[in-house]
Amino acid sequence: MDGFGGNDTLLNIENVVGSDFNDVIFGGNGNNNLNGGAGNDTLVGGAGNDILVGAGSQAGELDQLYGEADGNTDVFVLGDTSSAFYIGGGSTFGLSDRADIFNFENGVDRIQVNTSGGVIVNSLGSQTDLYILTQANGNFEIIARLANFTDTSIASNGTFISA
Numbered sequence: 002m003d004g005f006g007g008n009d010t011l012l013n014i015e016n017v018v019g020s021d022f023n024d025v026i027f028g029g030n031g032n033n034n035l036n037g038g039a040g041n042d043t044l045v046g047g048a049g050n051d052i053l054v055g056a057g058s059q060a061g062e063l064d065q066l067y068g069e070a071d072g073n074t075d076v077f078v079l080g081d082t083s084s085a086f087y088i089g090g091g092s093t094f095g096l097s098d099r100a101d102i103f104n105f106e107n108g109v110d111r112i113q114v115n116t117s118g119g120v121i122v123n124s125l126g127s128q129t130d131l132y133i134l135t136q137a138n139g140n141f142e143i144i145a146r147l148a149n150f151t152d153t154s155i156a157s158n159g160t161f162i163s164a
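Under our numbering, think of the first position of the sequence shown as 2, with each following residue one higher.
Next up, the structure:
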């Protein structure tokens with residue numbers, strides 16, 4: 002399927018790689034592997050054990066990754082073996098270059114990240130969200146926000162898996 006470069010919405014597809022534009026991709030009830038590619042993408046895994054990869058190779062992406070609070074293991078991919086994703090390199094400290102993760106299930110879901118720079122989990126003063134930071138270019142930078150989630154035990158309970 003080819004959307005010919007526009008903003009596409011795909012529904013109930015199990016394995017999708019998006020475009021360089023702002024994609025909205027909904028998985029089905031099976032085990033989905035959704036990759037948004039470049040652009041500000043919204044990925045919704047649906048039921049099943051899903052893998053959600055929002056980032057492409059460009060800086061300045063703000064992706065929304067939705068798991069499904071269904072007891073199945075969703076993996077939110079924030080990095081690979083070469084580096085962490087969402088490293089902007091600018092002065093915005095992750096404010097405009099990160100993944101926003103929704104419906105995260107503590108003890109069930111996993112976050113894949115390149116841990117070579119270290120990983121910090123911190124509320125950064127928020128009463129409702131947690132932030133995931135990793136070291137890049139000599140500074141710690143926000144690479145993800147866990148929306149409506151405040152349990153800091155994720156830093157030590159096996160939630161993070163190495164890329």
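Ideal placement from N, C-alpha and C gives every residue a C-beta, glycine not left out.
Identity of the residues DSSP links to GLN113 by a beta bridge:
As a first step, residue 113 is located in the sequence shown; it is residue number 112 there, counting from the start. DSSP links GLN113 through a beta bridge to VAL78, ILE162.
Which residues does DSSP list as the beta-bridge partners of ASN50?
Stepping through the sequence shown from its first residue, residue 50 is reached at position 49. When beta bridges are read from the DSSP output, ASN50 appears opposite no residue.
7 Å Cβ shell around ASN41 - same chain, five flanking residues per side excluded
Along the sequence shown, read from residue 1 onward, the residue named residue 41 stands at position 40. Cβ-Cβ distances below 7 Å link ASN41 to ASN23, GLU62, LEU63, ASP64 in the same chain, with the five nearest sequence neighbours on each side left out; the list follows chain order.
Can you list, in chain order, the residues of its chain with a C-beta nearer than 8 Å to that of ARG146? Leave out the 5 residues immediately preceding and following it.
As a first step, residue 146 is located in the sequence shown; it is residue number 145 there, counting from the start. Counting only Cβ-Cβ distances below 8 Å, and skipping sequence neighbours, we find ARG99, ALA100, ASP101, ILE102, ASP130, LEU131, TYR132, ILE133.
Residues near ASN107 in its chain [Cβ-Cβ closer than 8 Å; skip 5 each side]
Here the question's residue 107 lines up with position 106 in the sequence shown. If you ignore the 5 residues before and after ASN107, its C-beta comes within less than 8 Å of the C-beta of PHE150, ASP152, SER154, ILE155, ASN158, THR160, all in its own chain and listed in chain order.
Put ILE88 into one of helix, strand or coil per three-state DSSP.
If you number the sequence shown from 1, residue 88 lands on position 87. Coil at ILE88, not helix or strand.
Can you say whether GLN113 is buried or exposed, counting buried as having 16 or more other CB atoms within 10 angstroms of its CB?
By one-based count along the sequence shown, residue 113 stands at place 112. Buried, by the Cβ-count rule.
Per-residue burial, ASP110 [other beta carbons within 10 Å of its own, 16 or more giving buried]
By 1-based counting over the sequence shown, the position of residue 110 is 109. Around the beta-carbon of ASP110, 16 or more other beta-carbon atoms lie within 10 Å, marking it buried.
Taking ASN34 and ILE52 to be in contact with their CB atoms under 8 Å, please state how far apart those CB atoms are, rounded to whole angstroms.
Stepping through the sequence shown from its first residue, residue 34 is reached at position 33. Stepping through the sequence shown from its first residue, residue 52 is reached at position 51. Taking C-beta atoms under 8 Å as the contact rule, ASN34 and ILE52 qualify, at a distance of about 5 Å.
By how many angstroms is the C-alpha of SER163 removed from the C-alpha of THR116?
Numbered from 1 along the sequence shown, position 115 holds the residue referred to as residue 116. Numbered from 1 along the sequence shown, position 162 holds the residue referred to as residue 163. Taking the straight line from one Cα to the other gives about 6 Å.
Between which residues of its own chain and ALA70 is the CB-CB distance below 6 Å, once the five residues before and five after are set aside?
Taking the first residue of the sequence shown as position 1, residue 70 is located at position 69. Non-local beta-carbon contacts of ALA70 in its own chain, meaning distances under 6 Å to residues more than five positions away in sequence, involve ASN104, GLU106 in chain order.
Which first and last residues belong to the beta strand (DSSP E) in which THR43 is found?
Start at 1 with the first residue of the sequence shown, and residue 43 comes out as number 42. Here the beta strand (DSSP E) through THR43 covers 43-45.
Quick check on ASN36: buried or exposed, where buried means 16 or more other Cβ atoms within 10 Å of its Cβ?
Position 35 of the sequence shown holds residue 36. So ASN36 counts as buried.
Is ALA156 helix, strand or coil by DSSP?
Within the sequence shown, residue 156 is the residue found at index 155, counting from 1. In the structure shown, ALA156 sits in a helix (DSSP, three-state: H, G or I).
In DSSP terms, what THR135 is bridged to
On the sequence shown, residue 135 is found 134 positions in, with the first residue counted as 1. Under the DSSP definition of a beta bridge, THR135 partners with VAL120, GLU142.
Spatial distance of ALA137 from THR43 (CA atoms)
Reading the sequence shown from its first residue, position 136 is the one you call residue 137. Reading the sequence shown from its first residue, position 42 is the one you call residue 43. The straight-line gap separating the alpha-carbon atoms of ALA137 and THR43 is approximately 25 Å.
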